[in-house]
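For reference, the structure discussed in these notes is given below.
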Amino acid sequence: MTSPQTRAFLGPFRQPVESRRCTSVFGQARVFVYTDGTRSAQYHWGKDFGVPVGTAVYAAGTGRVVLAEQRTTTGWSVVLEHAPGLYTAYYHLNELLVKKDTYVSTGTLIARSGTTGFSTGPHVHWEARINSTPIDPECLLAPPFLTHLPKNALRKLQPTGETQPGTPLPKDTNGLPG
Numbered sequence: 056m057t058s059p060q061t062r063a064f065l066g067p068f069r070q071p072v073e074s075r076r077c078t079s080v081f082g083q084a085r086v087f088v089y090t091d092g093t094r095s096a097q098y099h100w101g102k103d104f105g106v107p108v109g110t111a112v113y114a115a116g117t118g119r120v121v122l123a124e125q126r127t128t129t130g131w132s133v134v135l136e137h138a139p140g141l142y143t144a145y146y147h148l149n150e151l152l153v154k155k156d157t158y159v160s161t162g163t164l165i166a167r168s169g170t171t172g173f174s175t176g177p178h179v180h181w182e183a184r185i186n187s188t189p190i191d192p193e194c195l196l197a198p199p200f201l202t203h204l205p206k207n208a209l210r211k212l213q214p215t216g217e218t219q220p221g222t223p224l225p226k227d228t229n230g231l232p233g
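Residue 56 is where the sequence shown starts when you use this note's numbering, and the numbers rise one by one after that.
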């Protein structure tokens with residue numbers, strides 16, 4: 056019998072909302088101008104879908120809920136662990152429909168969209184990371200994602216030390232490790 060982590064790693068993945076209306080893409084540089092004239096810049100590490108408040112948000116893949124709470128910058132947030140080191144996050148939600156440490160399947164209704172936290176309007180921010188490195192979440196949708204791994208490939212991804220599933224996530228990384 057395969058572990059939940061191994062089964063989850065085999066996919067499939069889907070987009071978290073039915074809408075294709077993208078309002079911000081992965082890797083987009085953003086420049087912020089402050090009232091005192093200073094500027095700062097950062098990259099956008101996810102994909103934003105402009106959808107009305109209350110739109111259904113679905114799990115992009117099978118996994119364990121490792122975070123389901125309100126946070127200052129990301130508002131109501133859900134983070135799923137699909138395999139050791141592979142996470143997806145869903146931010147600026149209006150209503151959470153899952154609880155931490157529960158398992159969900161691909162397509163499970165996990166939340167409703169909103170405009171909570173630091174948000175300029177109603178949308179869902181969808182983010183993915185592998186071993187703390189942001190990746191374009193669209194990569195998860197290109198079949199087959201990690202379905203043709205060598206037999207021992209998952210062994211190399213087994214967590215050690217502080218990266219074990221269930222380890223509390225630091226608050227300064229948008230809920231994602233690293």
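Beta carbons: idealized from backbone N, C-alpha and C, even for Gly.
Following the DSSP letters along the chain, one finds S160 in no beta strand (DSSP E), marked with neither H nor E. With respect to the C-alpha of V153, the residue from A166, T143, G101 and G162 having the closest C-alpha is A166. The beta carbon of P192 sits closer than 6 Å to those of K102, W181 and A183, all from its chain and outside the five residues before and after it, given in chain order.
Residue environment analysis places F104 among the buried positions, since at least 16 neighbouring C-beta atoms fall within 10 angstroms of its C-beta. Judged by beta-carbon spacing, V133 lies within the 8 Å limit of L151, meaning their Cβ atoms are closer than that value.
Under the three-state reduction of DSSP, P189 is assigned to strand. Annotation for Q70: no beta strand (DSSP E) segment contains it, and DSSP assigns it neither H nor E. Taking T175 as reference, the option from Y146, T90, V121 and V112 with the minimal CA-CA separation is Y146. With fewer than three CB-CB distances shorter than 8 Å, the region 81 to 96 does not count as touching the region 104 to 120. F68 places its beta carbon 8 Å or farther from that of G140. Take P189, set aside five residues on each side of it, and the residues of its chain with a beta-carbon closer than 6 Å to its own are W100, in chain order. The criterion of a C-beta distance shorter than 8 Å is not satisfied by V72 and V120.
In the structure shown, the three-state DSSP call for L151 is strand.
Its Cα nearest to that of S74, the residue P107 stands out among V88, Y89, Q125 and P107.
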